[in-house]
Structure formats: structure tokens, C-alpha cells
Amino acid sequence: VVRLSLYRDNIFASQFVGLDNFEYLVKDDPNFWPAVTHNALLLLGLPIMLGLALVVAFLIHDGVRSRKLSAIYRSLVFLPFVLSIVVVGRIFSIFLRSDGPLNSFAGALGWGVDTAWLGNSGTALGSVLGVIVWREFGLGVILFLARLASAPEELFEAARVEGASWWQTLRHVAIPQLRSTIAFWMLLNVIVMFSWVFNYVYVLTKGGPGSATTVMELEIYDWATTRDQPNIAAAMATMLLLLVAIFVVGQAVLRKRLIREST
Amino acid sequence: MSARTARRWLPHALLVLIALINLVPLYYMVVSALQRGGGNFEAGRLLPPVDPAWSNFERLFTENGFGRLFVNSVIVTVAAVTAATVIAVLGAYAFTRIRTRAAGALFNTTVALLAVPPIVVLVPLFLLAADAGLINNRLAPILIYVGFIMPFSILLLKNFFDEIPPELLQAARVEGASTLQELWHVILPLSRAPLVALAVVNALWVWNELLISIVFLQDEQQRTLQAGIAFFAGRNVVDIPMTMAGSLVATLPILLAFILGQRYFVRGLTGGAIKS
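Residue numbers (our numbering), protein chains in the order written: chain A, 1 to 263; chain S, 264 to 539.
So, in C-alpha cells, the structure goes:
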């Protein structure tokens, strides 16, 4: 812990080396705003990921009676999460090529496409997001299932007796039970989308084509290494840290307020 | 088909679909690893090749130094996870025992550090490591990994330690056990499951980490598996089967760990997360 706090000191020290660095980034760096925008766009994928994870978790909880089968589904859903991002990146960078299996499969279905999903600036960011969702959503499913398993079974029983539809049960029984888990997982993913996407972007596109998929982390990395400007990198890193801090604090404040209102 | 049968089978149909979507890329990795490299690679091929190139795996170790990469990854992972587990046990236990305000604040700070992105601390860390002459020394990434997995480890273990009934400790104390004896003889035997879970989760993270590894171990002799694959793929764009074979080799140990430690693994991941 002491060592970690030391890292922080270092960042704060570089912060007052010069505000010029910040000004340069915001005003003159052509990649700064695209990077920020891409991080923000990746956030838009979160509702999709949340919806998917909720539905799958509830499908397993509600629809699978056999314990064994449920365990098998759980591990298969979770499987991508144990793969390294490098490996995932290698697989998908070929899987999504113009002559890759995705397109040949689509072609077999009579859906002739030859898009290079990651090489086309229109589809690259969406494809990166798709890969992130593919790998990360299993964690949500597991978290939700664990929470649902500790929820009182009578609630679901009552819904069944009253003839609630699958959707109604999910909406009015399961989701309220999951509220705090959802909040936790979403916060985690906000952090992922801002500060843990480097690996994905680095192995899938390196920010390209052009700057179509660059993100703040990648810019920090480029400033620190290729462009050899650690001060600018540190300035950007500080901004990223502030952004994440705002989200974390904002979420905490929001949660406190919610708790106060509900009591 | 009646609505009832539909309701019974639909979940299974959808879940099988999801499972397939999760399995196909993995399957594709295996199939591609067995194709021949160079210009012969067919990216669109999903069927196993007629004459699988098992020699890819051999060449991985003989020509491409995957043995060394593998060993490097094992060293870094084992060292970081062992050190982190020992420190986290001591730290978490201290947080369980010491209930002062300052300790609480320190604990909250520790947990808040979960949110610090690696890239943010990368530059200062690099400068620190350069000052200490630790670039290209395995110690640098090992120490950094220990730092990064510490918040989660302490959070997870503290949550577990907190639930151990105080009467058990009382009994030990009556018999004159010291604090460390208490930890060793009472707490640890009870904590086997979370410790296994923690070790697996942490090992997974360290084994799979790329960024810190490429920055701090630039020398080819020290490189880890993930970095090796990333570099290899960058250099040998045509030899996709080899990259895939390497990916497969890098994946097998964690797949094995996942299958073996599955019960603990899922429980361990969720135990700490749900309470926070």
C-alpha cells in the first residue's frame, strides 16, 4: 500500500511541472479528442452488455432445472473471461478479417459481405466493442447468478403462482434483487472502458485505421514511448485518473443518496 | 409446439447458442493452429485441415523460443502470486483485527486503489524502475503485479476473515496463542477455499497481463508469453498458424487451472464482489 501511494505522489509531482502540457493536449493534439470520444462511445456499449448479462443470468437461473447442466452453462458463458486479451485479440483479428470465418459463415447464409471489420474505420470501433463484450459479459452473468442464488426463492415462487410472464419476473422480481450487484458491475465496467481497454485496442487495432479506435490509454502509451514525451503522457494520465475518480466518487454519492431515500 | 414446451426449451436453445458463440473462436484457434503457415493459410476455413501440422508446436519451442517465454511467465506468475498472497493475508488480518478509524480509512484507500488504471501509473513507475536499475529485471514487473493485485486480495480476504466467529479466536487466546499463532493455526486452516480462489484469480491476471510486461521486460530473454505472442504476431504476419499455436500453448495452463479450480474460482470472484 505504501508503495502504491508512492506512485500517486509521482503523478501529482508531474502535474505541476507545467499546465502547458494540458493546454497542448486539449487544443493542439489532433488525437486527444478522438481518443476521449472513443472512450465515451465504448461506454455506450455498457447497456447492451448489461442487458445481455441480465437475460443470460436469468435464463440460467429460471430456465435450467438440472444442477449439472446449469454448471456447464455457467462455465461456458464464463469461458472467454479466462482467456488472455492477447490471445483473444489474435483470434479475433483473424476471425474478423475480410476473408475470415465470420464473413465466410455469413456468405454461406447467403449474406455476402467482405468487410474487414477491424480495418474499416466505420466498423472498427464497433468490432472492438463487440470483442470486449464477448470477453467481459460472462463475469456479469456469474456475479448476477451468485446474487440470485442467495435471493429468497419465495419471491420467484410467488411470481410463478401469480402467473407472471418470464419478462415480468425478470423485470419486477430479479432486477430489483440485483440492484446493488448491477451497480457494482456497471461501475467496474465504467472503469474497464476508461482504464483497462488498452490491451484490447493494442492487440486488435493499435488505434487504427488512422485514429479510428484510439483511446486515452493508447495515447498515453504513445506519448510515453514512441513520441518520448513522458510529461505530456503524465498530463493525459492525470486527466484520465481525474475522470475515473469523478465516476467513482459520483457513483458513491449517488449510492449514498439512494440508500438514504430508501430508508 | 405449445407455449409451455417453448418456455421449457427456449432457454436451452438460447444458452446453447451463447455457448457456441463463446466456443467457436476457441475452436477456430485450435483448427488454425494446425494449418500450414506461409501463403497456405486459409483464414475462412473452419474445418480441421486434412493433414494437421503438428510440427507447428514443435517449431514453437525449437525455433521460436516458446520454452523460455513459458518459463519466464511461470517465474513471474508464481513469484508475484506467492508474495501477494502472503502480504495480503497479513494485511487483511491486520484490517480485521485493528478496528480504529485510521485503519478503516486506510482500508478504504486500499480498496479505492482498485480503480487506478495501470497506464496512469506506468510512466512514474517506469522512471522509478529506471532509477533503481530494474528495467529488464524480473523483479520490476513482479513488484508491480503484487501492488496491483493487492487491493482486490485484501478486500476479498478481509471479507472472509470478518466472518470467522470471534469465539474461535477467543478460545485460542485463552490458550495463550500469540497473534501470529492465531493467524497460522486458526484462521488459515479455515481459509483454504478463499485462498485457493484468490491464488487462481491472481495467477490468471498476472499470467494474462501484457502492458506492464512489455514495458518493463524489453529484453527478449526476459519476455513473458503474452508479450512473446504479441511480438511474434507483429513480426510474422504471415505465419498465423504459429501465432495460433502459441496462443493455444499460452491458454492451456489457465484453462486447466480454470477447470480444476472452478468451484473455488467462481465463489472466490463473487464472494468479495457481492459484499462491497
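Idealized CB from N, CA, C, for every residue including glycine.
Legend entry - Bounding residues of the alpha helix (DSSP H) (the contiguous stretch that carries W117 of chain A): One-based indexing of the first sequence puts residue 117 of chain A at position 117. W117 of chain A -> no alpha helix (DSSP H), and no H or E assigned at all.
Inset, instruction - Assign E445 of chain S to buried or exposed, taking buried as 16 or more other Cβ atoms, counted over all protein chains shown, within 10 Å of its Cβ. - result: Stepping through the second sequence from its first residue, residue 445 of chain S is reached at position 182. E445 of chain S should be labelled buried.
Legend entry - Contact under 8 Å by Cβ, V339 of chain S with V469 of chain S: Residue 339 of chain S sits at position 76 when you count from the first residue of the second sequence. Residue 469 of chain S sits at position 206 when you count from the first residue of the second sequence. Contact: yes.
Inset, instruction - Could you tell me the boundaries of the alpha helix (DSSP H) in which D68 of chain A lies? - result: The residue you call residue 68 of chain A lines up with position 68 of the first sequence. Looking at the sequence itself, residue 68 of chain A is Lys, so the reference to Asp does not match. That run of the alpha helix (DSSP H) goes 67-82.
Inset, instruction - Answer yes or no: does any C-beta atom of chain S fall closer than 8 Å to that of F32 of chain A? - result: Position 32 of the first sequence, counting from 1, holds the residue named residue 32 of chain A. By this cut-off, F32 of chain A is not an interface position.
Inset, instruction - For N471 of chain S, go through chain A and note every residue whose CB falls closer than 9 Å to its CB, in chain order. - result: By 1-based counting over the second sequence, the position of residue 471 of chain S is 208. Neighbours of N471 of chain S on chain A, chain order: V82, L83, S84, I85, V86, V87, N199.
Inset, instruction - Indicate whether at least one CB of chain A lies closer than 8 Å to the CB of A536 of chain S. - result: Within the second sequence, residue 536 of chain S is the residue found at index 273, counting from 1. Residue confidence is low: A536 of chain S scores 48 on pLDDT, short of 50, so the model does not pin down where it sits. No coordinate-derived value is stated.
Legend entry - chain A contact for F521 of chain S (CB, 8 Å cutoff): On the second sequence, residue 521 of chain S is found 258 positions in, with the first residue counted as 1. So yes, F521 of chain S belongs to the interface.
Legend entry - Reduced DSSP category for P381 of chain S - H, G, I as helix; E, B as strand; rest coil: As a first step, residue 381 of chain S must be located in the second sequence, where it is residue number 118. If DSSP states are grouped into helix, strand and coil, P381 of chain S belongs with the helices.
Legend entry - Classification of A393 of chain S by the beta-carbon crowding that lies within 10 angstroms, buried from 16 upward: One-based indexing of the second sequence puts residue 393 of chain S at position 130. Per the 10 Å Cβ criterion, exposed.
Legend entry - Test item: CB-CB of V409 of chain S and A346 of chain S under 8 Å: For the purposes of this step, residue 409 of chain S is identified with residue 146 of the second sequence, where counting begins at 1. For the purposes of this step, residue 346 of chain S is identified with residue 83 of the second sequence, where counting begins at 1. The answer is yes: Cβ separation under 8 Å.
Legend entry - Backbone CA spacing between R257 of chain A and N371 of chain S [nearest angstrom]: Position 257 of the first sequence, counting from 1, holds the residue named residue 257 of chain A. Position 108 of the second sequence, counting from 1, holds the residue named residue 371 of chain S. Straight-line Cα distance between these residues: approximately 19 Å.
Inset, instruction - Could you spell out where the alpha helix (DSSP H) holding E219 of chain A opens and where it closes? - result: Counting from 1 along the first sequence, the entry for residue 219 of chain A is found at position 219. Per DSSP, E219 of chain A belongs to the alpha helix (DSSP H) from 216-224.
Inset, instruction - Give a yes or no on whether the C-beta atoms belonging to Y221 of chain A and I475 of chain S are separated by under 8 Å. - result: Position 221 of the first sequence, counted from the first residue, corresponds to residue 221 of chain A. Position 212 of the second sequence, counted from the first residue, corresponds to residue 475 of chain S. Result no, Cβ atoms of Y221 of chain A and I475 of chain S do not sit closer than 8 Å.
Legend entry - Cβ contact (3+ pairs, closer than 8 Å) linking the stretch 26-46 of chain A and the stretch 96-113 of chain A: no
Legend entry - Among A:D228, A:S211, A:I232, A:M239, nearest to P30 of chain A - alpha-carbon criterion: Here residue 30 of chain A is taken as the residue at index 30 of the first sequence, counted from 1. Checking every option, the nearest Cα to that of P30 of chain A belongs to A:S211.
Inset, instruction - Could you pull out every residue in the same chain whose Cβ sits closer than 8 Å to the Cβ of L102 of chain A, ignoring the five residues on either side in sequence? - result: As a working note, residue 102 of chain A is residue 102 in the first sequence. Contacts found: F95, L96, W117.
Inset, instruction - Only counting runs of 4 or more residues, tell me where the alpha helix (DSSP H) segments fall wholly within the stretch 277-357 of chain S, in order along the chain. - result: Here the runs fully enclosed are 318-325.
Legend entry - L402 of chain S versus F479 of chain S: straight-line alpha-carbon distance, rounded: Looking up residue 402 of chain S in the second sequence gives position 139. Looking up residue 479 of chain S in the second sequence gives position 216. Their backbone Cα atoms lie some 10 Å apart in a straight line.
Inset, instruction - Indicate whether V197 of chain A and I132 of chain A have their beta-carbon atoms separated by less than 8 Å. - result: Here residue 197 of chain A refers to the residue found at position 197 of the first sequence. Here residue 132 of chain A refers to the residue found at position 132 of the first sequence. Contact flag set, yes.
Inset, instruction - Please work out which residues of its chain come closer than 6 Å, Cβ to Cβ, to N189 of chain A, disregarding the five sequence neighbours upstream and downstream, and give them in chain order. - result: As a first step, residue 189 of chain A is located in the first sequence; it is residue number 189 there, counting from the start. Closer than 6 Å at the Cβ level, and outside the excluded window around N189 of chain A, lie L46.
Legend entry - Residues that Q489 of chain S contacts on chain A, provided the C-beta gap is smaller than 7 Å: Here residue 489 of chain S is taken as the residue at index 226 of the second sequence, counted from 1. Those are S84, V86, listed as they occur along chain A.
Legend entry - Chain-ordered neighbours of A282 of chain S on chain A, where CB pairs are closer than 9 Å: Indexing the second sequence from 1 puts residue 282 of chain S at position 19. Those within 9 Å of A282 of chain S in chain A are I72, Y73, L76, V77, L79.
Inset, instruction - Buried or exposed for N303 of chain S, please, with buried defined as at least 16 other CB atoms from any protein chain shown within 10 angstroms of its CB. - result: As a working mapping, residue 303 of chain S is identified with position 40 in the second sequence. Under this definition N303 of chain S is an exposed residue.
Legend entry - Sequence-distant residues of the same chain with beta carbon closer than 8 Å to N471 of chain S, five excluded per side: Locating residue 471 of chain S in the second sequence gives position 208, counting from the first residue. Correct list, in chain order: Q489, I517.
Inset, instruction - Could you pull out every residue in the same chain whose Cβ sits closer than 6 Å to the Cβ of A343 of chain S, ignoring the five residues on either side in sequence? - result: Counting from one through the second sequence, the residue named residue 343 of chain S turns up at place 80. When the five nearest sequence neighbours on each side are left out, the beta carbons in the same chain lying within less than 6 Å of the beta carbon of A343 of chain S are those of I405, Y408, V409, V469, in order along the chain.
Legend entry - L280 of chain S to Q433 of chain S span [Cα, whole Å]: Counting from 1 along the second sequence, the entry for residue 280 of chain S is found at position 17. Counting from 1 along the second sequence, the entry for residue 433 of chain S is found at position 170. Each residue's alpha carbon lies about 53 Å from the other.
Legend entry - Contact check, L332 of chain S vs R498 of chain S, beta carbons under 8 Å: Stepping through the second sequence from its first residue, residue 332 of chain S is reached at position 69. Stepping through the second sequence from its first residue, residue 498 of chain S is reached at position 235. No, these two residues do not count as a Cβ contact at 8 Å.
Legend entry - Below-8 Å beta-carbon distance, R90 of chain A vs any chain S residue: As a first step, residue 90 of chain A is located in the first sequence; it is residue number 90 there, counting from the start. Yes, R90 of chain A lies at the interface with chain S (some Cβ there is under 8 Å from its Cβ).
Legend entry - Alpha-carbon to alpha-carbon, F58 of chain A and F144 of chain A: Translated into positions along the first sequence, residue 144 of chain A becomes position 144. Translated into positions along the first sequence, residue 58 of chain A becomes position 58. The alpha-carbon atoms of F144 of chain A and F58 of chain A are separated by roughly 8 Å.
Legend entry - the stretch 518-527 of chain S touching the stretch 318-332 of chain S, judged by at least three CB pairs closer than 8 Å: no
Inset, instruction - For L431 of chain S, count neighbouring Cβ atoms within 10 angstroms of its own Cβ and tell me buried if that reaches 16, exposed if not. - result: Residue mapping note: residue 431 of chain S aligns to position 168 of the second sequence, counting from 1. It counts as exposed.
Inset, instruction - With a cut-off of 8 Å on the beta carbons, I'd call V294 of chain S and L309 of chain S a contact; round off their distance for me. - result: Walking along the second sequence from the start, residue 294 of chain S turns up at place 31. Walking along the second sequence from the start, residue 309 of chain S turns up at place 46. Yes, V294 of chain S and L309 of chain S are in contact; Cβ-Cβ is about 7 Å, under 8 Å.
Inset, instruction - Can you tell me which of A:V56, A:V248, A:I142 puts its alpha carbon nearest to the alpha carbon of L547 of chain S? - result: In the structure as shown, chain S begins at 264 and stops at 539. Residue 547 of chain S is therefore absent and cannot be evaluated.
Inset, instruction - Identify the contact partners of L241 of chain A in chain S, using a Cβ-Cβ distance below 8 Å as the criterion. - result: Along the first sequence, one-based indexing puts residue 241 of chain A at 241. Per Cβ cutoff of 8 Å: V379, P380, V383.
Inset, instruction - For chain S, find out if any of its Cβ atoms is closer than 8 Å to the Cβ of V36 of chain A; answer yes or no. - result: One-based indexing of the first sequence puts residue 36 of chain A at position 36. Interface flag for V36 of chain A against chain S is unset, since no Cβ pair is found closer than 8 Å.
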